[in-house]
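**Q** According to the UniProt record's numbering, numbering within the sequence shown proceeds without interruption in unit steps and concludes at 720.
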Amino acid sequence: MEVQNVLHMNAGNGETSYANNSTLQKTAILMARPVLEDTLKKVYNNDAFPKHLKIADLGCSSGPNTFLVISQIINIIHNLMQQNNCKAPEIEICLNDLPQNDFNNIFKSLPTFYKKIKTEKEEKLHGTCFVSGVPGSFYCRIFPRKSLHFVHSSYSVHWLSQVPERLENKGNIYMARTSPPTVFEAYLKQFQMDFSTFLSLRSEEIVVGGPMILTFLGRRIADPTDKDCCILWELLTKSLLDLVPEGLVQKEAIDSFNFPFYYPHKDEVKAIIEKEGSFNLERLEVSECNWDANDNNDDEHFVFDKDRSGKNVANLIRAVTEPLVVSHFGEFIVDDVFKKFANHVADHLCSEKSKFINIVKTAILMARPVLEDTLKKVYNNDAFPKHLKIADLGCSSGPNTFLVISQIINIIHNLMQQNNCKAPEIEICLNDLPQNDFNNIFKSLPTFYKKIKTEKEEKLHGTCFVSGVPGSFYCKIFPRKSLHFVHSSYSVHWLSQVPERLENKGNIYMARTSPPTVFEAYLKQFQMDFSTFLSLRSEEIVVGGPMILTFLGRRIADPTDKDCCILWELLTKSLLDLVPEGLVQKEAIDSFNFPFYYPHKDEVKAIIEKEGSFNLERLEVSECNWDANDNNDDEHFVFDKDRSGKNVANLIRAVTEPLVVSHFGEFIVDDVFKKFANHVADHLCSEKSKFINIVVSLSKNMQMYLLKNKLYQFLILNCL
Numbered sequence: 001m002e003v004q005n006v007l008h009m010n011a012g013n014g015e016t017s018y019a020n021n022s023t024l025q026k027t028a029i030l031m032a033r034p035v036l037e038d039t040l041k042k043v044y045n046n047d048a049f050p051k052h053l054k055i056a057d058l059g060c061s062s063g064p065n066t067f068l069v070i071s072q073i074i075n076i077i078h079n080l081m082q083q084n085n086c087k088a089p090e091i092e093i094c095l096n097d098l099p100q101n102d103f104n105n106i107f108k109s110l111p112t113f114y115k116k117i118k119t120e121k122e123e124k125l126h127g128t129c130f131v132s133g134v135p136g137s138f139y140c141r142i143f144p145r146k147s148l149h150f151v152h153s154s155y156s157v158h159w160l161s162q163v164p165e166r167l168e169n170k171g172n173i174y175m176a177r178t179s180p181p182t183v184f185e186a187y188l189k190q191f192q193m194d195f196s197t198f199l200s201l202r203s204e205e206i207v208v209g210g211p212m213i214l215t216f217l218g219r220r221i222a223d224p225t226d227k228d229c230c231i232l233w234e235l236l237t238k239s240l241l242d243l244v245p246e247g248l249v250q251k252e253a254i255d256s257f258n259f260p261f262y263y264p265h266k267d268e269v270k271a272i273i274e275k276e277g278s279f280n281l282e283r284l285e286v287s288e289c290n291w292d293a294n295d296n297n298d299d300e301h302f303v304f305d306k307d308r309s310g311k312n313v314a315n316l317i318r319a320v321t322e323p324l325v326v327s328h329f330g331e332f333i334v335d336d337v338f339k340k341f342a343n344h345v346a347d348h349l350c351s352e353k354s355k356f357i358n359i360v361k362t363a364i365l366m367a368r369p370v371l372e373d374t375l376k377k378v379y380n381n382d383a384f385p386k387h388l389k390i391a392d393l394g395c396s397s398g399p400n401t402f403l404v405i406s407q408i409i410n411i412i413h414n415l416m417q418q419n420n421c422k423a424p425e426i427e428i429c430l431n432d433l434p435q436n437d438f439n440n441i442f443k444s445l446p447t448f449y450k451k452i453k454t455e456k457e458e459k460l461h462g463t464c465f466v467s468g469v470p471g472s473f474y475c476k477i478f479p480r481k482s483l484h485f486v487h488s489s490y491s492v493h494w495l496s497q498v499p500e501r502l503e504n505k506g507n508i509y510m511a512r513t514s515p516p517t518v519f520e521a522y523l524k525q526f527q528m529d530f531s532t533f534l535s536l537r538s539e540e541i542v543v544g545g546p547m548i549l550t551f552l553g554r555r556i557a558d559p560t561d562k563d564c565c566i567l568w569e570l571l572t573k574s575l576l577d578l579v580p581e582g583l584v585q586k587e588a589i590d591s592f593n594f595p596f597y598y599p600h601k602d603e604v605k606a607i608i609e610k611e612g613s614f615n616l617e618r619l620e621v622s623e624c625n626w627d628a629n630d631n632n633d634d635e636h637f638v639f640d641k642d643r644s645g646k647n648v649a650n651l652i653r654a655v656t657e658p659l660v661v662s663h664f665g666e667f668i669v670d671d672v673f674k675k676f677a678n679h680v681a682d683h684l685c686s687e688k689s690k691f692i693n694i695v696v697s698l699s700k701n702m703q704m705y706l707l708k709n710k711l712y713q714f715l716i717l718n719c720l
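1. What are the start and end residues of each continuous beta strand (DSSP E) run of 3 or more residues lying completely inside the segment 387-453, in chain order?
2. Taking just the CA atoms, how far does residue 484 sit from residue 701?
3. Are the segment 146-153 and the segment 102-119 touching, with three or more C-beta to C-beta distances below 8 angstroms?
4. Let me know the secondary structure DSSP gives residue 554 once reduced to three states.
5. From the DSSP output, read off the bridge partner residues of residue 697.
6. Could you name each continuous beta strand (DSSP E) segment of 3 residues or more that falls completely within the segment 53-102, going from the start of the chain to the end?
7. Let me know the secondary structure DSSP gives residue 568 once reduced to three states.
8. For residue 267, which residues from the same chain have a beta carbon less than 8 angstroms from its beta carbon, with the 5 sequence-adjacent residues on both sides left out?
9. Mapping DSSP to helix, strand and coil, what is residue 215?
10. What does DSSP give as the partner residues of residue 496 in its beta bridges?
11. How about residue 158 and residue 217: are their beta carbons less than 7 angstroms apart?
12. Let's test the definition: count the other Cβ atoms within 10 Å of the Cβ of residue 82 and tell me whether it reaches 16, buried, or not, exposed.
13. Short of 7 angstroms in beta carbon distance, which residues of its chain neighbour residue 684, apart from the five on each side in sequence? Order them along the chain.
14. So, for residue 676: in the same chain, excluding its five sequence neighbours on each side, which residues have a beta-carbon less than 6 angstroms away from its beta-carbon?
15. What's the C-alpha gap between residue 556 and residue 512?
16. Less than 7 angstroms separating the beta-carbons of residue 389 and residue 427?
17. What does a CB cutoff of less than 7 angstroms around residue 527 pick up in its chain, not counting 5 residues either side in sequence?
18. Could you tell me whether the segment 579-599 touches the segment 493-507, using the rule of 3 or more Cβ pairs below 8 angstroms?
19. So what's residue 286 in DSSP terms, helix, strand or just coil?
20. What residue range is occupied by the uninterrupted beta strand (DSSP E) comprising residue 470?
21. Taking residue 92 as the reference, give the member of 477, 273, 84 with the closest Cα.
22. Under three-state DSSP, which class holds residue 131?
23. Using a 10 Å radius around the Cβ and a threshold of 16 neighbouring Cβ atoms, would you call residue 670 buried or exposed?
24. For residue 66 and residue 95, which I take to be in contact (beta-carbon distance under 8 angstroms), what is that distance rounded to the nearest angstrom?
25. By DSSP, does residue 109 sit in helix, in strand, or in coil?
26. Which residues share a DSSP beta bridge with residue 592?
27. Based on the DSSP secondary-structure assignment, which residues constitute the bridge partners of residue 623?
28. Is there contact between the segment 169-180 and the segment 132-148, where contact requires at least three CB pairs shorter than 8 angstroms?
29. What residues are listed by DSSP as bridge partners for residue 233?
30. Considering only C-alpha positions, which residue in the set 690, 626, 617 is nearest to residue 697?
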């Protein structure tokens, strides 16, 4: 069993999800708050408060506790800022967990979290906090060297990188009182190796003097057979064994299964820290909390409702272990085994109110030539940085995400070889709106990293770090001057909103029948949005840093030209076809418009020059068939119109379905896109239409940068 591929908390918000069964973890986080506060106060006093603070939360999971940790850190920093009467730093919070973690659940909650910051902190911290997701095992390097100012981890480091090898532990699923001595030795040895690796890796990533706070499950008694370590898992073993006579589980399956975690004693933790040597142990505390974190009764022995507590504990353990159980025993036994487990826990709690022991210590292809030329021009032999931070804005979640990353890495690898220089550490930040399917990206990352290791002869292995950054690129999403290069493909033509007060009845985008005010409104919205985009990126990119944007446009200046309008007129026609069938109201079509704009190259150029933050290095216009699978060179002939019609309909459906569903409802989607496929097929019989692509290469304007920062006048005065 590959632990990294299986281990994750139960996703979503259901009854057995981690989000609804993580009160224990919440209790541990709250108990560690004083340590967190004291540590940050000690390190970041008035003299030492940095302008940019990069924080990592390792093993963040995906429930409300993720935001509890972030909120605590922000609250402490906000209070320190007020006490010291200093300006808020830009806080970059990197949420790390294994690629199988439910990052989507986190990112969908981010807008609410940002809104809460804005409200509670009186806008003092609004726009200075940037949250990203960083998928990967913390038993590997996951951040560039000396890039982190503070590391936090709660209820994660007791998880091992793997089950100890050659374990003979029949009849048990973890260390138990009936386990042979070799089992205890193997678990301890694995923890010693893993925790030492963890410390060594973090020491490379944290700045000198940077603090780290870890909270993990442990045991109070040095003897590893003590019940505070074993009894819970013995009850789960018993629950599995109950299913053997029922024929639901094979005894051999139990004998071959062991959990990949270890509950250490504080002396073991201390010994490993001292031996590894990268960190000073500033503080070590041991605390305890009830198995059932919802049981607030102060009586050390009395459980008010044993059945309810039994179920609570079973749901807690299920939320964190179900993927491991399912991968070994199969999904069909899960309900049965945890029902039995709840009963066994309830019976146990009648005789003894058990505790968990916590240990806390501080310690895309057409633009490829432009992309290649730009990177070659900027990063020559003399200018190649040791650390390169790259953002891909509007990354989406399909194979093109990795195509862009691969292109960038290949170009850098080739430049590195040509200049005979060492590979830089490459931090790639994948940005899209919070509703994007980041889970799909992150689950593919291990394969991507493996491919890098194989193809690049390990020269770039361990130097590439991918993270997810949810948020609208019409807001600030990165700290000031933190990016060396920005890329975006097929995203910037999407507007921040549908133009206001649009009177465009019978159409869903600019059409040949639209009144002039519609074209004016769309252009005005694009001018505002693209100007905002450029201004924001100029704050985030280093001086001279390049940016390459590819977006849909039009070849003809006239916005009513068919290369801009015809596709969307066919989709409008498909919606109108459903009106006589009673599936769509005409009024619903009249009130719907798509939030994008296909600009002409002259409009793009004018906005760039007027906004002034960037120099326009290169602008190219190209075209590709509506059906990208149609490779026929004949400009007029479509080999299979029905197939091409379906391909185009699927393409447009993939990018517009959420918008269509939110306005018209889900039930019409299949019908409208079937009709759309037919209309496209009919159109392609008479004309082989094209998408028009605009590619721009920009570099941050040095003069404008100086002007914006009020340094331009200062330099002139000093020259005089």
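C-beta: ideal position from N, C-alpha, C; glycine also. These numbers were taken from a predicted model, which means no experiment stands behind them.
**A** In brief:
1. 387-393, 425-432
2. So the alpha carbons of these two residues sit roughly 14 angstroms apart.
3. Segments in contact, no.
4. strand
5. 548, 618
6. 90-97
7. Judged by DSSP in its simplified three-state form, residue 568 adopts helix.
8. Cβ within range, chain order: 222.
9. strand
10. For residue 496, which the question treats as bridged, DSSP gives no partner whatsoever.
11. yes
12. exposed
13. 638, 641, 644, 645
14. 571, 574, 649
15. Their Cα atoms are separated by approximately 14 angstroms.
16. yes
17. 607
18. yes
19. strand
20. 464-470
21. 477
22. Three-state result, residue 131: strand.
23. exposed
24. 6 angstroms
25. helix
26. Paired residue(s): none; residue 592 is not in a bridge.
27. In the DSSP output, where bridge partners are listed per residue, residue 623 has 692.
28. Short answer: they don't touch.
29. Per DSSP, none; premise fails for residue 233.
30. 617
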